[in-house]
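K.L.:
Got a structure for you, written out below as structure tokens; questions coming shortly.
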Amino acid sequence: MGQVAWKALFLSLFDYKTEKYVIAKNKKVGVLYRVVQLSILAYLVGWVFVVKKGYQDTDTSLQSSVITKLKGVAFTNTSELGERIWDVADYVIPPQGESVFFVMTNLIVTPNQRQATCAESDNIPDAWCDRDADCLEGEAVVAGNGVKTGRCLKDRGSTRRTCEILAWCPVEKRSKPKKPLLGSAENFTVYIKNSIRFPKFKFSKMNVLATDNESYLKSCRYSQEHPYCPIFVLGNIVRWAGGDFQEMALQGGVIGIQIEWNCDLDKAPSECNPHYSFSRLDNKSAETSISSGYNFRFAKYYRDAEGVDYRTLIKAYGIRFDVMVNGKAGKFNIIPTIINISSGLALMGAGAFFCDLVLIYLIKKSNFYRGKKYEEVKSNSRKSLSSPTLNGNQSPEQLDGL
Amino acid sequence: MGQVAWKALFLSLFDYKTEKYVIAKNKKVGVLYRVVQLSILAYLVGWVFVVKKGYQDTDTSLQSSVITKLKGVAFTNTSELGERIWDVADYVIPPQGESVFFVMTNLIVTPNQRQATCAESDNIPDAWCDRDADCLEGEAVVAGNGVKTGRCLKDRGSTRRTCEILAWCPVEKRSKPKKPLLGSAENFTVYIKNSIRFPKFKFSKMNVLATDNESYLKSCRYSQEHPYCPIFVLGNIVRWAGGDFQEMALQGGVIGIQIEWNCDLDKAPSECNPHYSFSRLDNKSAETSISSGYNFRFAKYYRDAEGVDYRTLIKAYGIRFDVMVNGKAGKFNIIPTIINISSGLALMGAGAFFCDLVLIYLIKKSNFYRGKKYEEVKSNSRKSLSSPTLNGNQSPEQLDGL
Amino acid sequence: MGQVAWKALFLSLFDYKTEKYVIAKNKKVGVLYRVVQLSILAYLVGWVFVVKKGYQDTDTSLQSSVITKLKGVAFTNTSELGERIWDVADYVIPPQGESVFFVMTNLIVTPNQRQATCAESDNIPDAWCDRDADCLEGEAVVAGNGVKTGRCLKDRGSTRRTCEILAWCPVEKRSKPKKPLLGSAENFTVYIKNSIRFPKFKFSKMNVLATDNESYLKSCRYSQEHPYCPIFVLGNIVRWAGGDFQEMALQGGVIGIQIEWNCDLDKAPSECNPHYSFSRLDNKSAETSISSGYNFRFAKYYRDAEGVDYRTLIKAYGIRFDVMVNGKAGKFNIIPTIINISSGLALMGAGAFFCDLVLIYLIKKSNFYRGKKYEEVKSNSRKSLSSPTLNGNQSPEQLDGL
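Chains as they are written, first to last, in full-length UniProt numbering: chain Z, 1 to 402; chain W, 1 to 402; chain G, 1 to 402.
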């Protein structure tokens, strides 16, 4: 292209192209369009900005640390153990006070187990036998307590003959008590200390109010009237989760304590407070006896004067509490504000699309407006100057291009 | 402005402005545009709505609780310990049956350690010495077992002289067995009970089918044919994760059990089932001996008749299983449906942009169409009435404004 | 409709409609528009694509496994315990080496507790009494150690009379040492082994470099010069988190170790490395003495020659370390690239909207351009041919529709 052509091209870069509009003086469609615009504006301002806080940048990666501490003692009086006190070191497993802790509410104790041979428990099908040949020596009992020795015995107190096994003897035989042994765990209290930090905004907070009043924290209990006292009574927690403590204490279960922090950091820090909710995490309704409750076995190991190991096996039933912390913080930021305003403008375009449909197809004079809106052009091989046709305006400039 | 002007302005609010279009009767571009439209529609309906379920609201904040329970016994016969049975209370650490549990498969036992002075182990470089002056009294041995006393000894059974230390004596000396002691852990089974809840839709489910058939759960094993039986054989888990159990049992390792719940809540609840996958979480390939495997030391504490503390130190090797639960649920909601339809319409606009480029620049008659599409206007200081120029239509009304 | 009409309708489907534009040869608005376009393009290329990597698909669901191992010994010399060495099995709780571990730095030991009756501790308000009637038999002491027997005693060494209780006697009385007993834990080291996997891209990596040089890993320590050696000195960790080890060791606390993996998988795998940061998770500033620090109680259980249980109660203060791993990986994918380009084009539309406002309302000749851009049409009941009016172009074709 010649120099003049380059100059024309360069200058044409700074021409401004804008769409041509047709103003249809049709009040019906005009009013409809304004109504649509106002709805979209109301949605944008009301929902996106006010309710969903679309002008804020959010931080959902909450850093959290939870420290728990239980208090309470339970008194039991049984034939095996006599009068006994159970305190925190006895019933909380593990003792470290992390976000997941277990409180023992019921137990079966099998004391003084030693490595020896004895008859397997009679409620384990794989160990049932009639004669020695039914017990294959060296085979582990399926879902059992030991390895078969090859003999078939009948233990006194058993209802049937079972294989003799090498195991920690005597094996666990008792069934669990009909009422939870440590049922008074209902009155125990747990102090949950939770510190959170939103790293994006460098904001930290604790769920305990800074206060000089030490005795308040020593005696208060969480309730609707005392939302800033994170000391919870276990019975209340289970009740708020929709369960019954004594029933749950018999078989065991799992309770979730959710701590939710939703903070608007455009407001004062004192308005950023946690919200507690409680739910039962193990699903009771669908369970049969085979899979209900929560229990596990652990042992305390001792050594006698001859240096022989022996242990006390404990099958512990109880309630496991999982403290789960989540949250998000929001703070004003120009970028999400601009993005949401742009999205709102794009939605206006959808409103215009809808009103166009009404104007061109639905109203009475739609034919007229269609004719005004759409200008038909058709390129012919022969074109004559100034010959108005059905195909629209033709004028000399059409041969001049750009 | 006068009253008439205000009235005109008010009435003009209800005028409806719509873009003016040029209908180019060019079949090539028309067909191209319809093809583009159909592709975008196919993408919108096929990908966004059918595959990605764009009409659904999703909940990814799954609440989950996991309870695990192992079963199985192992028999060992060693010179130190004799014939011995290991059951759940012996080899599972910690015993609480949470989502992370460790199964001991190999161990080094150092019994009867007492607080005393003895020679440090000879494979700790910081303790090597030739004479007493090499051992600084009170200095802790780097990566060692105790604090130097200031003397340099040669223990019988050692290959070199080492500093005498105050420590739990005798120090751990044995090396681990060449074959995993508890290799029969391969046959142990773990019962994983998982309850999940999607709080947004208030939907709960367990991974165990509600059934009256207790004996099914007592004897079934998970497999492709039995996907609703969450009782897994440890050897199978390691195999499905791509590992070899006996090799992993020697050094220890970490296995991840992922439980994934992807639920379409528009379908029946019975179609919402978990999907299990297994992977090895510790990366074996890049490891040297210094960093391979998984082991830790713990101790059992006793007190003898004189009231002196002593302990048995156990260096435990084994496989740690991490149960990780995640998932999302979807349910029909009008808002994401509308949003995705709007996004589709916006994409149509991109299709129109592309076809415009073809029409105006690429096809044969592009000059003609460019002239029809773009109407040049240029404002002059002097304007004469009814003088058609190269600059487009001029008519008397141009002086009347709005 | 007749057959001709159907054919016309079918053919009209392949007409291409394109907006009509008005080219305003106004250099000011043209330059403004190009400036706006260039800014949006610069934002799109610079911010969206280069900085935020908008051309990449991301995976934020990192699978991670953490194994920790502490090393170090501490020497103490107290009147109760004499000279004593503390090693890993003594001070790390729990011993399994998971991502959360506790190092004991201070402790109160109450040895030889047996189930018996004794006077309650004198710093528990609920147990204060003047006479026997103040102590209700069978009532648990609030925040206490046992259950009241009904008698009011004065223990030698106490300052006041307290209720007699059934509990593990003698109850815990000592106060914690003024200086942390295991303060030399400052020199202990922790080896953090972290394997991660991005499942979407099937990419795995460990934070330990594969190396033949075993002795490097045995002696190196993490620092800015040695970023690939994940062996940390506890004192350094606390210092980098902004705390003082000896002060923190007295009361206890919680430290977070964040390992962040931000990997660009379009680059070489060797460029994907973890970034470590340390922070104090328990919020010291807002705390009073009632809620400061971190401690818990646990017990070691023994059995004497007569078969009577007794225990040593330990109130452990120390620092809990939480290793938290997060990260994301990105890799080029055509779909987010297309989506971001489309969003950029949509933003161009916003730029055009803004420039339209300038052209139509703000510049000097805005009236002229408004008249050119907007073509007023008004449908009348009576229309005469070829009568140019204020309402815009009229031509014979307006009666022909479509």
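Where is the CB? At the ideal position from N, CA and C, for every residue including glycine.
Does the CB of residue 80 of chain G have a neighbour CB from chain W at under 7 Å?
P.N.:
Here residue 80 of chain G corresponds to residue number 80 of the third sequence, with the count starting at 1. With 7 Å as the cut-off, residue 80 of chain G does not count as an interface residue toward chain W.
K.L.:
Quick check on the DSSP output: what are the complete beta strand (DSSP E) runs of length 3 or more inside the segment 194-255 of chain W, in order along the chain?
P.N.:
Qualifying beta strand (DSSP E) stretches, in chain order: 203-206, 231-233.
K.L.:
Mark residue 372 of chain G as exposed unless 16 or more other C-beta atoms lie within 10 angstroms of its C-beta, in which case mark it buried.
P.N.:
Position 372 of the third sequence, counted from the first residue, corresponds to residue 372 of chain G. By the neighbour-count rule (16 or more Cβ atoms within 10 Å), residue 372 of chain G is buried.
K.L.:
Give every residue of the same chain whose Cβ lies closer than 6 Å to the Cβ of residue 64 of chain W, excluding the five residues on either side of it in the sequence, and list them in chain order.
P.N.:
The sequence position of residue 64 of chain W within the second sequence is 64, counting from 1. Excluding positions up to five away in sequence, the list reads 196, 325.
K.L.:
For residue 37 of chain G, which residues of its own chain have a beta-carbon under 8 Å away from its beta-carbon, when the five flanking residues on both sides are left out?
P.N.:
The residue labelled residue 37 of chain G in the question sits at position 37 within the third sequence. These residues qualify, in order along the chain: 348, 351.
K.L.:
Is it buried or exposed for residue 168 of chain G, if we count other Cβ within 10 angstroms and need 16 for buried?
P.N.:
In the third sequence, the residue the question calls residue 168 of chain G occupies position 168. It is buried - the Cβ of residue 168 of chain G has at least 16 other Cβ atoms within 10 Å.
K.L.:
Buried or exposed, going by whether 16 or more other CB atoms sit within 10 Å of the CB of residue 185 of chain W?
P.N.:
As a working note, residue 185 of chain W is residue 185 in the second sequence. Classification for residue 185 of chain W: buried.
K.L.:
For residue 54 of chain Z, count the other beta carbons within 10 Å of its own beta carbon; 16 or more makes it buried, fewer makes it exposed. Which is it?
P.N.:
Your numbering for residue 54 of chain Z matches position 54 in the first sequence. By the neighbour-count rule (16 or more Cβ atoms within 10 Å), residue 54 of chain Z is buried.
K.L.:
State the beta-bridge partners of residue 297 of chain G as determined by DSSP.
P.N.:
Counting from one through the third sequence, the residue named residue 297 of chain G turns up at place 297. G:315, per the DSSP bridge assignment.
K.L.:
Taking C-alpha atoms, which residue in W:99, W:193, W:33 lies nearest to residue 292 of chain Z?
P.N.:
Stepping through the first sequence from its first residue, residue 292 of chain Z is reached at position 292. Residue W:193 is the option with its Cα nearest to residue 292 of chain Z.
K.L.:
If we cut at 7 Å on Cβ distances, does residue 30 of chain W have a partner in chain Z?
P.N.:
Numbered from its first residue, the second sequence carries residue 30 of chain W at position 30. By this cut-off, residue 30 of chain W is not an interface position.
K.L.:
Taking a Cβ distance cut-off of 8 Å, strictly less, list which residues of the segment 87-104 of chain G are near chain W, in chain order.
P.N.:
So the close ones are 87, 88, 89, 90, 94, 95, 96, 97, 98.
K.L.:
Return the chain-ordered list of same chain residues with a C-beta closer than 7 Å to the C-beta of residue 215 of chain G, the five sequence neighbours on each side being excluded.
P.N.:
To locate residue 215 of chain G, count along the third sequence from 1; it is residue 215. So the list is empty, once near-sequence residues are dropped.
K.L.:
Return the CA-CA distance between residue 4 of chain Z and residue 21 of chain W, expressed in angstroms with no decimal places.
P.N.:
Numbered from its first residue, the first sequence carries residue 4 of chain Z at position 4. Numbered from its first residue, the second sequence carries residue 21 of chain W at position 21. If you take the alpha carbons of residue 4 of chain Z and residue 21 of chain W, they lie about 32 Å apart.
K.L.:
Would DSSP call residue 14 of chain W helix, strand or coil?
P.N.:
Locating residue 14 of chain W in the second sequence gives position 14, counting from the first residue. Reduced to three states, the DSSP call for residue 14 of chain W is coil.
K.L.:
Does residue 55 of chain W come out as helix, strand or coil in the three-state DSSP assignment?
P.N.:
Taking the first residue of the second sequence as position 1, residue 55 of chain W is located at position 55. Residue state, collapsed to three classes: coil.
K.L.:
Can you list, in chain order, the residues of the segment 46-59 of chain W whose Cβ is nearer than 7 Å to any Cβ on chain Z?
P.N.:
Listed by position along the chain: nothing, the set is empty.
K.L.:
Whole angstroms are fine: how far does the CA of residue 105 of chain G sit from the CA of residue 78 of chain G?
P.N.:
Here residue 78 of chain G corresponds to residue number 78 of the third sequence, with the count starting at 1. Here residue 105 of chain G corresponds to residue number 105 of the third sequence, with the count starting at 1. Answer to the nearest angstrom: the Cα atoms are 15 Å apart.
K.L.:
Taking the straight line between their C-alpha atoms, what separation do you get for residue 313 of chain G and residue 172 of chain Z?
P.N.:
The residue given as residue 313 of chain G occupies position 313 in the third sequence. The residue given as residue 172 of chain Z occupies position 172 in the first sequence. So the two alpha carbons sit approximately 28 Å from each other.
K.L.:
If you measure from the beta carbon of residue 233 of chain Z to each beta carbon in chain G, is any gap under 7 Å?
P.N.:
Locating residue 233 of chain Z in the first sequence gives position 233, where the first residue counts as 1. Answer no: the Cβ-Cβ gap between residue 233 of chain Z and chain G never drops below 7 Å.
K.L.:
Answer yes or no: do residue 122 of chain G and residue 175 of chain G have a C-beta to C-beta separation smaller than 7 Å?
P.N.:
Position 122 of the third sequence holds residue 122 of chain G. Position 175 of the third sequence holds residue 175 of chain G. Contact: no.
K.L.:
So, with DSSP's three-state summary, where would you put residue 383 of chain Z?
P.N.:
Position 383 of the first sequence, counting from 1, holds the residue named residue 383 of chain Z. The predicted position of residue 383 of chain Z is uncertain, since its pLDDT is 40 and thus under 50; a value taken from the coordinates is nonetheless stated next. In this structure, residue 383 of chain Z counts as coil in the three-state DSSP scheme.
K.L.:
Provide the residue(s) that pair with residue 119 of chain G in DSSP beta bridges, ordered along the chain.
P.N.:
In the third sequence, counting from the first residue as 1, residue 119 of chain G sits at position 119. BP columns for residue 119 of chain G point to G:164.
K.L.:
Taking 7 Å as the limit between beta carbons, can you name the residues of its chain near residue 97 of chain G, skipping five residues before and five after?
P.N.:
For the purposes of this step, residue 97 of chain G is taken as residue 97 along the third sequence, with counting starting at 1. The residues are 67, 68, 69.
K.L.:
Residues of chain G with CB closer than 8 Å to the CB of residue 256 of chain W, please, in chain order.
P.N.:
Taking the first residue of the second sequence as 1, we reach residue 256 of chain W at position 256. Chain G residues near residue 256 of chain W: 63, 65.
K.L.:
For residue 37 of chain G, report the span of its alpha helix (DSSP H) as first-last.
P.N.:
In the third sequence, residue 37 of chain G corresponds to position 37, counting from 1. Taken as a continuous stretch (DSSP letters only), the alpha helix (DSSP H) holding residue 37 of chain G covers 27-42.
K.L.:
For the segment 27-36 of chain Z against the segment 9-18 of chain W, are there 3 or more C-beta pairs whose distance is under 8 Å?
P.N.:
Yes: the two stretches touch, three or more of their Cβ pairs being nearer than 8 Å.
K.L.:
Are residue 265 of chain G and residue 331 of chain G close, meaning C-beta to C-beta below 7 Å?
P.N.:
By 1-based counting over the third sequence, the position of residue 265 of chain G is 265. By 1-based counting over the third sequence, the position of residue 331 of chain G is 331. Yes. Within cutoff.
K.L.:
Output the distance between the C-alpha atoms of residue 142 of chain W and residue 282 of chain W, rounded to the nearest integer angstrom.
P.N.:
Translated into positions along the second sequence, residue 142 of chain W becomes position 142. Translated into positions along the second sequence, residue 282 of chain W becomes position 282. Using only the alpha carbons, I get a separation of about 27 Å.
K.L.:
If the criterion is Cβ atoms closer than 7 Å, does the pair residue 134 of chain Z and residue 151 of chain Z meet it?
P.N.:
Locating residue 134 of chain Z in the first sequence gives position 134, where the first residue counts as 1. Locating residue 151 of chain Z in the first sequence gives position 151, where the first residue counts as 1. No.
K.L.:
Please report whether the beta-carbon of residue 75 of chain W lies at a distance below 7 Å from any beta-carbon of chain Z.
P.N.:
Against the second sequence, residue 75 of chain W aligns to sequence position 75. It does: the Cβ of residue 75 of chain W has a partner Cβ on chain Z nearer than 7 Å.
K.L.:
Around the C-beta of residue 59 of chain Z, are 16 or more other C-beta atoms found within 10 angstroms, so that it is buried, or is it exposed?
P.N.:
What you label residue 59 of chain Z is simply residue 59 of the first sequence in a count that begins at 1. Label assigned to residue 59 of chain Z: buried.
K.L.:
Going by the CB atoms, is the gap between residue 153 of chain Z and residue 164 of chain Z shorter than 7 Å?
P.N.:
For the purposes of this step, residue 164 of chain Z is identified with residue 164 of the first sequence, where counting begins at 1. For the purposes of this step, residue 153 of chain Z is identified with residue 153 of the first sequence, where counting begins at 1. For residue 164 of chain Z and residue 153 of chain Z, yes; Cβs fall inside 7 Å.
K.L.:
From residue 187 of chain G to residue 87 of chain G, what distance separates their C-alpha atoms?
P.N.:
Position 187 of the third sequence, counted from the first residue, corresponds to residue 187 of chain G. Position 87 of the third sequence, counted from the first residue, corresponds to residue 87 of chain G. Roughly 13 Å separates the two Cα atoms.
K.L.:
Looking only at C-alpha atoms, which of Z:247, Z:257, Z:250, Z:253 sits nearest to residue 240 of chain Z?
P.N.:
Along the first sequence, read from residue 1 onward, the residue named residue 240 of chain Z stands at position 240. Looking at the Cα atoms, Z:257 is the closest of the given residues.
K.L.:
Residues of chain Z with CB closer than 8 Å to the CB of residue 13 of chain W, please, in chain order.
P.N.:
On the second sequence, residue 13 of chain W is found 13 positions in, with the first residue counted as 1. Result: 30, 34.
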